[in-house]
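What follows is a set of notes on a single structure, which appears directly below.
2 protein chains.
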Amino acid sequence: MSTHSYYRPEDTQYDVDADVLFGRLREHLDGESLIVHESGLRPYECDGLSAYKQLPLVVAIPENVEQLQAVMRVCNELRVPVVARGAGTSLSGGALPHPQGVLLSLAKFNRILEIDDRRRTARVQPGVRNLAVSEAAAPYGLYYAPDPSSQIACSIGGNIAENAGGVHCLKYGLTVHNVLSARVVTVEGELVEVGGTTPDSPGYDLMALMIGSEGMLGVVVEATLQLLPQPIAKEVLLASFDDVGAGGRAVASIIGEGVVPAGLEMMDGPAIQAAEDFVGAGYPTEAAAILICELDGAEDEVADLVERVRDILTRQGATEIRVAHDDAERQRFWAGRKAAFPAVGRISPDYYCMDGTIPRRELANVLTRIAELGEQYGLGVVNVFHAGDGNLHPLILFDANVPGEMDRAEELGGEILELCVRVGGTITGEHGVGSEKINQMCVQFQTLELRQFHAVKEAFDPERLLNPGKGVPTLNRCAEFGKMHVHAGELPHPELERF
Amino acid sequence: MSTHSYYRPEDTQYDVDADVLFGRLREHLDGESLIVHESGLRPYECDGLSAYKQLPLVVAIPENVEQLQAVMRVCNELRVPVVARGAGTSLSGGALPHPQGVLLSLAKFNRILEIDDRRRTARVQPGVRNLAVSEAAAPYGLYYAPDPSSQIACSIGGNIAENAGGVHCLKYGLTVHNVLSARVVTVEGELVEVGGTTPDSPGYDLMALMIGSEGMLGVVVEATLQLLPQPIAKEVLLASFDDVGAGGRAVASIIGEGVVPAGLEMMDGPAIQAAEDFVGAGYPTEAAAILICELDGAEDEVADLVERVRDILTRQGATEIRVAHDDAERQRFWAGRKAAFPAVGRISPDYYCMDGTIPRRELANVLTRIAELGEQYGLGVVNVFHAGDGNLHPLILFDANVPGEMDRAEELGGEILELCVRVGGTITGEHGVGSEKINQMCVQFQTLELRQFHAVKEAFDPERLLNPGKGVPTLNRCAEFGKMHVHAGELPHPELERF
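From first to last, the protein sequence lines stand for chains A and B. Here this note's numbering is used: the first residue of the first sequence is 4, the next is one more, and so on. Here this note's numbering is used: the first residue of the second sequence is 4, the next is one more, and so on.
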C-alpha cells in the first residue's frame, strides 16, 4: 500500500524541541534503549495497518517501570506526545507514531511474572505474547481465552489497548472479560492500580475503562489475567451451504436455540477457494459458504451438542455436514480458516481487512449489500468472519499500484462500516478504532456522546499527550467529515469545543 | 437502629431556596408527582440501611423521560443535589436523601418495554423489579441471571447503581456482566446512549463505568439486559462440616479443580440453627458449617459434576452429603439460606449485614479472625455468604436500645472490612459503597486512585450534584478518618484539592 498522511492540524499542535527531549531522555535511557536515527526509527513507522506511515521523533524502549515512569515524566513536563506500542500488530493503526512524539516500545516488558494455578490467574508484563500466556499455563491444565489471529505475535498490552477478541470470544468473551486488574502508569508518571481479583471492585470501574482505550488513558505496565481450565472435550463440525443467506440463517438459529459454540466461523465462496488452494484443508470448493462450528465442554455434553447442531444445520439446508474424527482432522478443519488472510494475499496484490459487527439476523442482508457495494466500486470482497458474534471481516481486494484503487478500497471500507452502523451494529468487533476508523466514529456516535468521551479523556490526560488523534475524533474532524450530529443547534459544553 | 447523621460539611455546601426549587419543579410535575410535606417525605428518609436517616427537601416522581430531563435541568440550573432511588432496598445507604436535595424516585419507570427472544435481550425501565424480568422472560425459556436476595423487590436501576450480584453470580456474573446498554440522562438533562448489544463497542467503555457508580455519573432511564437460556438440568448438594475451616477448604478445592457451580453458599453454626428454627429446612443443626452447592447444565454434565463435587467434599472431610431428590427438596435446601437474614432477625433485636470479599484461600483464617473480633467487641457474628466468590456477609448482632451497642457494631463492621482489605480483598462484594463504607474507601485506595475517581466524576458531573457524599470519599474525609495515604508528601493535582 502507498502511504497516507494521517494527522490533522489539531492533532499536531505540540512544540517539541527534539534536542532537549533527546537530552532529557538520555538521562534515563542508555545506548539501545533510545533510538533517534532514521534507520533505527524506520521499523516503527507503522503497525499492521501499513496504509499509514509516520516516523516518530524518537523511540524509547525502557527496561523497567521506573525507567518508563521517568520517560512519562519527561514527556509530561515537555508536553511531548507518547504513543505506546506492543508487538505492532494492530490492524486499525492504533500504534501509528506521532511526528512530534515518543514511540514508547514495551518490548522489554516481556516477562510472565507468576502463574497462580489455585486462583487461576497469570500476572504478566504487557510485552508478553498472547500465546505465551496459554503456553505457560498449559502445564496446569489452564489457558488464556482471548485468541486473536495474531496470537503468536501480538502482545497482552496491545490486546488490552484494543480489547482484542478471537475465534473463541463468542463463548469466552473479549479481553475485557478476561483481564482482572492492572498496574498503569499515568501521563504524570504515577503508578496506579486498577481493577482487582475479586468479583466486584469498589469505586468506578477504571479497569473496564482502560480496556479498549487504545493507550489514550495510561500505559499498562502489568496485568493480571484470568485463566480458564482447558475443556475436557472438543468437537468441530464443518457445514456447507449453497447460498450465503442459508449459512447466515443457520448461525442465527444455532445461537437462537441456546447453543453457545466455542467458535462459529463463516467463510464465503471466494475465501473457501483461496484457502483451499493455499493449504488444502479439504474444504468443499463448490460451496457458496461454509460454517466451522467448535463445541466444547464435558464429554457427554459435547456429544449432545453435536447432535443438536447437526439437526439445526440440516433443517437450515446444509448440503453437507462433516464432524472431525480426531484431533488431526479438527486441526485441518481450522487450518483453512486460520490461513485465510495469507491465502487471500496470494490471490490479490493487496487487501484491506475490515472489522465491523452487526446483529446476527442481518448477516444475509449485509453480505448481499457488501457484494453489491464491491461491484459498484469495481473491487472484489472476500468474507471470512466470526459469524456467531456477528463480527464481519470483509477483505477488500485491490492493487495499490493501480492509481486510485487504494483510495477506492478505503472508501468502500468506510461505506461497509457505515452500513454496519445503519443496521444497528458497530464499526469495530475486535480491532479497535485506532487511526483507521476515526471518521466512522462520527457516524457511530452523536456529538453529546463524543463530548462525553472527551471529558473522560480529560480526566486522565488533560494535555492530550497520550496517543493524540486516535480512537475518538475531534468535533472539528467530524464537522469536516460532514457527519457531525448537532444537537438542536446548540453546543451545551462550550468549554469542550477545544477538542 | 437509632439514627446517625451522615453528611459532612463539604457534602452540603449548596445554597438551595426550597420555594424557588418547588415552584420550578411544579412547572413540570403535577399533584402527586411532587412531594414537599414532611409526612409525604418520611417514607423516603432511608433505604435498606436504616442506621442513616435524612429527609430530602422534595421528592420528585417523574412519569417519563421528558419530565425527568426537566427535573435534571432545573436542578442543574439551580445547583440542587439529586439522589436517584429505585426500590430503596440498598444495604449500603446508596439512596440516602440529601438534606438540600431532590430525591428522584424512578417508581413510575416500571415497564418492561420489550423481550426479544431471538437476540435474548430485555429492554426495561429502571424501576422494573429484578424478578419481574425473569418472570417476563420465562415463557421464552429465558431468565435474567443476577439474583440479589432482594430480587422480589429491588429494581434494575438500583441493581445497575450498585452492580448487584446474588447467589448465581459465581457462574453467571454480576450486573456488569449482564447489562448490554443503557439510555442515561446526564446532570445537564441530556439523553445519551451508552454500551451496545454487539460484543465490542468503540470508544471508552462508559457502560461498565456507569454500572456500580451509585447514581453519581448519570440517571439510567432505560437498560437493555442480556437474558440467558434456563439450564436444562439442576442439582443441589448439601454438605456438613464439623469445623468452618474444613468447609472453607472444600470451597477452595471445588473451584480449584475446575468446577464452576451455579451457586456455592456457606452458613456457619449459628446461621444454620437460626434458619432451621425459622423455616425447618431439615438442616443438620449439629454441623459447624454447611455448604449448599448448585450445579446446572445439560443432564449428563450435571450428573458428572455431582459425582466430582461429592468426591471433593468427601476428601475435604464432609461429615454428611445429601443430594436433593427432586425440585421440592432442592427448594427446601435453599429455603433456609434464603430465609437466613430474617431468621437472624428473630434471634437478635438488631443486626448489621456486612459485605466484603476475600480471596477464597483466606476463608478459614478470616472467619476465625471475625469470631475473635466479635468476642473482643462483645457482639455475636453470624456468617451466611457466597463462599464460591469469597463474598462474605457477616451479620453483626446487637441491640440498638443498649447504649453504645450500635456504635460498637459499626466499629466492628469497619474492622471486618479493613481485615478484608488486608488479606487482599475488597470492602464490597455486591452491596456497593454508598454511605456505609465511605470511610473504608480510604483504606482500600491510595490517594492517587481516589483522585482518579474524582477526576472521572468531574467528567460527568463537574458541579457534584449527583448523589454527593456517596461512593468516593473526599480527601478531607479520609484525612479526618486518619487513613489517607499521602504520596511522598506531595499532592500532585492541587486543582483537585477542592474534593
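Backbone N, C-alpha and C fix where the C-beta goes; we use that ideal spot for every residue, glycine too. In this text the structure is predicted, and so the values were computed from the model without any measurement.
Nearest to E238/B by alpha-carbon distance, out of R335/B, S8/B and Q319/B, is R335/B. Between G437/B and G97/B, the gap from beta carbon to beta carbon is short of 8 Å.
Note that the C-beta distance between G300/A and A236/A is below 8 Å. Annotated as proximal: L212/B and A211/A, with beta-carbon spacing under 8 Å. In the structure shown, Q229/A adopts extended strand secondary structure according to DSSP, grouped into three states.
For G96/B, no chain A residue has a Cβ inside 7 Å of its Cβ, as the nearest lies near 14 Å away. With the criterion set as a beta carbon lying under 8 Å from some beta carbon of chain B, the members of the stretch 375-395 of chain A are D392, G393 and N394, in sequence order.
One Cα belongs to Y47/A, the other to V85/A, and the distance between them is close to 13 Å.
The beta carbons of L382/B and I399/B sit closer together than 8 Å. In the structure shown, the three-state DSSP call for A458/B is helix. The beta carbon of A135/B is closer than 8 Å to those of I115 in its chain, skipping five residues each way along the sequence.
Checking the DSSP bridge columns, you'll see D299/A partnered with K237/A. 8 Å or more divides the Cβ of N479/A from the Cβ of D203/B.
With contacts defined as CB atoms closer than 8 Å, G192/B and R76/B qualify as a contacting pair. For S204/A, the closest Cβ of chain B is nearer than 8 Å.
No Cβ-Cβ contact shorter than 8 Å links P232/A with L298/A. What G428/A touches in chain B, judged by beta-carbon distance under 7 Å, is T201, going in chain order. Among the residues facing chain A, F456/B is included, as its CB has a counterpart in that chain under 8 Å away. Taking a Cβ-Cβ cut-off of 9 Å, V309/A has no neighbours in chain B, whose nearest Cβ is about 12 Å from it.
Residue ranges of uninterrupted beta strand (DSSP E) with 3 or more members, entirely inside the stretch 306-371 of chain A and ordered along the chain, are 323-326 and 353-356. Close partners of E48/A in chain B (Cβ separation under 7 Å) are lacking, with about 25 Å as the shortest Cβ gap. Rounded to whole angstroms, the separation of the alpha carbons of E433/B and I155/A is 38 Å.
Cβ atoms of S152/B and G130/B stay farther apart than 8 Å, at about 19 Å. With respect to chain B, the C-beta atom of Y286/A has no partner C-beta closer than 8 Å.
The C-beta of T124/A comes no closer than 8 Å to any C-beta of chain B. Listed by position along chain A, the residues whose Cβ is nearer than 8 Å to that of Q154/B form an empty set, because the closest Cβ is around 17 Å away. Using beta-carbon distances, C172/A counts as an interface residue toward chain B, with a partner under 8 Å.
Cβ-Cβ distances below 6 Å link G320/B to A249 in the same chain, with the five nearest sequence neighbours on each side left out; the list follows chain order. In terms of beta-carbon proximity, N162/B stays away from the interface with chain A, with every pair separated by 8 Å or more. Neighbourhood of P232/A in chain B, by CB distance below 8 Å: G261, in chain order. For F401/B, the pairing in a beta bridge is given by DSSP as D353/B. When Cβ-Cβ separations below 8 Å define contact, N166/A makes contact with chain B. Straight through space, the alpha carbons of F448/B and V195/A are spaced by roughly 10 Å. Of all residues in the stretch 62-90 of chain A, none comes within less than 8 Å of chain B when Cβ atoms are compared. Judged by DSSP secondary structure, L468/A falls outside any beta strand (DSSP E); it is assigned neither H nor E. The beta carbons of H389/B and L173/B sit closer together than 8 Å.
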